[in-house]
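Engineer: This is the structure I have questions about; it appears just below.
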Amino acid sequence: MFEARFETGETLIKIVDAMKELVEDCNIDCSTTGMSMQAMDQSHVSLVALMLQKEFFGSFRCDRSISLGLNLLSFSKILKCASKEDAITLKAEDGGDVLTLMFESKDGSRVSEFEMKLMDIDSEHLGIPETEYKAVVTMPSGEFQRIVRDLGIIGDTVGIGCEKDGVRFSVTGDLGSGNVVLKQNTSADKPDLATLIELEEPVELSFALRYLSLFTKATGLSPQASLSMSPEVPLVVEYKIDDETASYLRYYLAPKVDE
Amino acid sequence: KGGQKRMDSFFTMG
Numbered sequence: 455m456f457e458a459r460f461e462t463g464e465t466l467i468k469i470v471d472a473m474k475e476l477v478e479d480c481n482i483d484c485s486t487t488g489m490s491m492q493a494m495d496q497s498h499v500s501l502v503a504l505m506l507q508k509e510f511f512g513s514f515r516c517d518r519s520i521s522l523g524l525n526l527l528s529f530s531k532i533l534k535c536a537s538k539e540d541a542i543t544l545k546a547e548d549g550g551d552v553l554t555l556m557f558e559s560k561d562g563s564r565v566s567e568f569e570m571k572l573m574d575i576d577s578e579h580l581g582i583p584e585t586e587y588k589a590v591v592t593m594p595s596g597e598f599q600r601i602v603r604d605l606g607i608i609g610d611t612v613g614i615g616c617e618k619d620g621v622r623f624s625v626t627g628d629l630g631s632g633n634v635v636l637k638q639n640t641s642a643d644k645p646d647l648a649t650l651i652e653l654e655e656p657v658e659l660s661f662a663l664r665y666l667s668l669f670t671k672a673t674g675l676s677p678q679a680s681l682s683m684s685p686e687v688p689l690v691v692e693y694k695i696d697d698e699t700a701s702y703l704r705y706y707l708a709p710k711v712d713e
Numbered sequence: 959k960g961g962q963k964r965m966d967s968f969f970t971m972g
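Protein sequence lines, in the order shown, are assigned to chains Y and V. One rule links them: number in this note's numbering = place in the first sequence (from 1) + 454. One rule links them: number in this note's numbering = place in the second sequence (from 1) + 958.
So, in structure tokens, the structure goes:
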């Protein structure tokens, strides 16, 4: 028996919305530690990794590890039947082929239940090594979204150059070029607006804006996004879902290489 | 893909 209750159902809706344009079908793995998911997009260029620790949930029970094979578009459609303020409980029997979704209004006056068919999905699970990154930029997630959107008007590849006191996003395209520099800024009174740079050595890498744009669908999940970079290894864009329990949504994208 | 490496070339199957 698996049962997990999202006290704030909106978080689940945002998580699914942040993954559904990259990943069509995926296995959500449930175990005694929590819920996790790892999937590549269809062209295997990027990877999405979700971790929701059991402490994140209002209540969590998982007697035996199970994988829930889901079509994210269908999942998202059913989740549209929930109200923003609802608590959402997911339930599945061991060896069952349906996922039960229960939506409860805040005052408990409305309870709805939906069943969704599960699928058998062959998924390739990749081992992601622990990496010490040369540069980690933590910035307001809305700022990252805006930069990706704005620079996407000019071109399709963004250069991200990280130095001690600032990070530069630059783009060149047919109609011209542009760049945005964010300086390190530790807004003590408003930590959500801070830009922090942890640097071991300066890093300059290029990435496809099309993918970064899909990553920013997670903006609503967290006021801050972090970009972890090292030469020749994939960039990690992380949105913390819950700081206290180390629950997160991460996206990986390899840097573009010159030919 | 031109200039873009796939994820499988960085992370091992496991």
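C-beta atoms are modelled at their ideal positions from N, C-alpha and C, and glycine is treated no differently.
Residues in the same chain with beta-carbon distance under 6 angstroms from MET491 (chain Y), minus the five sequence neighbours each way, listed in chain order, please.
Structural biologist: Stepping through the first sequence from its first residue, residue 491 (chain Y) is reached at position 37. Taken in chain order, the residues that qualify are CYS480, ILE482 and LEU504.
Engineer: What span of residues does the alpha helix (DSSP H) with THR465 (chain Y) cover, start to end?
Structural biologist: Start at 1 with the first residue of the first sequence, and residue 465 (chain Y) comes out as number 11. Here the alpha helix (DSSP H) through THR465 (chain Y) covers 463 to 473.
Engineer: What does ALA708 (chain Y) touch in chain V if you count any residue whose Cβ is under 8 angstroms from its own?
Structural biologist: Counting from 1 along the first sequence, the entry for residue 708 (chain Y) is found at position 254. Within 8 angstroms Cβ-Cβ: GLN962, LYS963, ARG964, MET965, SER967 and PHE968.
Engineer: Count Cβ pairs between the region 601 to 610 of chain Y and the region 619 to 628 of chain Y that sit closer than 8 angstroms; are there 3 or more?
Structural biologist: Counting Cβ pairs under 8 angstroms, three or more are found: they touch.
Engineer: Can you pull the DSSP bridge partners for LEU707 (chain Y)?
Structural biologist: On the first sequence, position 253 is the one that residue 707 (chain Y) refers to. Answer is Y:SER500 and Y:LEU689, bridged to LEU707 (chain Y).
Engineer: How long is the line joining the alpha carbons of VAL635 (chain Y) and GLY620 (chain Y), rounded to whole angstroms?
Structural biologist: What you label residue 635 (chain Y) is simply residue 181 of the first sequence in a count that begins at 1. What you label residue 620 (chain Y) is simply residue 166 of the first sequence in a count that begins at 1. Computed Cα separation, rounded: 7 angstroms.
Engineer: If you count every other CB in all the chains shown that lies within 10 Å of the CB of ALA708 (chain Y), and 16 or more means buried, which is it?
Structural biologist: Counting from 1 along the first sequence, the entry for residue 708 (chain Y) is found at position 254. When all chains shown are included, ALA708 (chain Y) counts as buried.
Engineer: When the cut-off is 8 angstroms and only beta carbons count, does ILE582 (chain Y) lie next to chain V?
Structural biologist: As a working note, residue 582 (chain Y) is residue 128 in the first sequence. It does: the Cβ of ILE582 (chain Y) has a partner Cβ on chain V nearer than 8 angstroms.
Engineer: For the region 651 to 672 of chain Y, which residues have a CB atom closer than 8 angstroms to at least one CB atom of chain V, in sequence order?
Structural biologist: Within the region 651 to 672 of chain Y, the residues whose Cβ lies closer than 8 angstroms to some Cβ of chain V are ALA662, listed in chain order.
Engineer: Would SER631 (chain Y) pass as an interface residue toward chain V - the criterion being a Cβ-Cβ separation below 8 angstroms?
Structural biologist: As a working note, residue 631 (chain Y) is residue 177 in the first sequence. False, the Cβ-Cβ gap to chain V never drops below 8 angstroms.
Engineer: Quick one: Cα of ALA536 (chain Y) to Cα of PHE557 (chain Y), how far?
Structural biologist: On the first sequence, position 82 is the one that residue 536 (chain Y) refers to. On the first sequence, position 103 is the one that residue 557 (chain Y) refers to. Going from the Cα of ALA536 (chain Y) to the Cα of PHE557 (chain Y) covers about 6 angstroms.
Engineer: Out of Y:ARG600, Y:ARG622 and Y:GLY615, which one is the CA nearest neighbour of GLN678 (chain Y)?
Structural biologist: Walking along the first sequence from the start, residue 678 (chain Y) turns up at place 224. Out of Y:ARG600, Y:ARG622 and Y:GLY615, Y:ARG600 has the C-alpha closest to the C-alpha of GLN678 (chain Y).
Engineer: Would you mind telling me which residues of chain V sit closer than 7 angstroms to MET494 (chain Y), beta carbon to beta carbon, in chain order?
Structural biologist: On the first sequence, residue 494 (chain Y) is found 40 positions in, with the first residue counted as 1. The contacting residues are MET965.
Engineer: Quick check: what's the CA-CA separation for GLU578 (chain Y) versus LEU653 (chain Y)?
Structural biologist: Position 124 of the first sequence, counting from 1, holds the residue named residue 578 (chain Y). Position 199 of the first sequence, counting from 1, holds the residue named residue 653 (chain Y). Answer to the nearest angstrom: the Cα atoms are 33 angstroms apart.
Engineer: Taking C-beta pairs closer than 9 angstroms, name the residues in chain V that PRO688 (chain Y) reaches, listed in chain order.
Structural biologist: On the first sequence, residue 688 (chain Y) is found 234 positions in, with the first residue counted as 1. Residues of chain V passing the Cβ test: LYS963, MET965, PHE968 and PHE969.
Engineer: Beta carbon of SER701 (chain Y), beta carbon of PHE510 (chain Y): below 8 angstroms?
Structural biologist: What you label residue 701 (chain Y) is simply residue 247 of the first sequence in a count that begins at 1. What you label residue 510 (chain Y) is simply residue 56 of the first sequence in a count that begins at 1. A contact, by the Cβ cut-off of 8 angstroms.
Engineer: Quick check: is the beta carbon of LEU501 (chain Y) nearer than 8 angstroms to any beta carbon in chain V?
Structural biologist: Here residue 501 (chain Y) refers to the residue found at position 47 when the first sequence is read from its first residue. At least one chain V Cβ lies under 8 angstroms of LEU501 (chain Y).
Engineer: Does the pairing of the region 578 to 592 of chain Y with the region 519 to 536 of chain Y give three or more beta-carbon distances under 8 angstroms?
Structural biologist: Touching, no.
Engineer: With a threshold of 7 angstroms (Cβ to nearest heavy atom), would LEU524 (chain Y) be considered close to the ligand GTP?
Structural biologist: This structure does not include the ligand GTP; it has no bound ligands of any sort.
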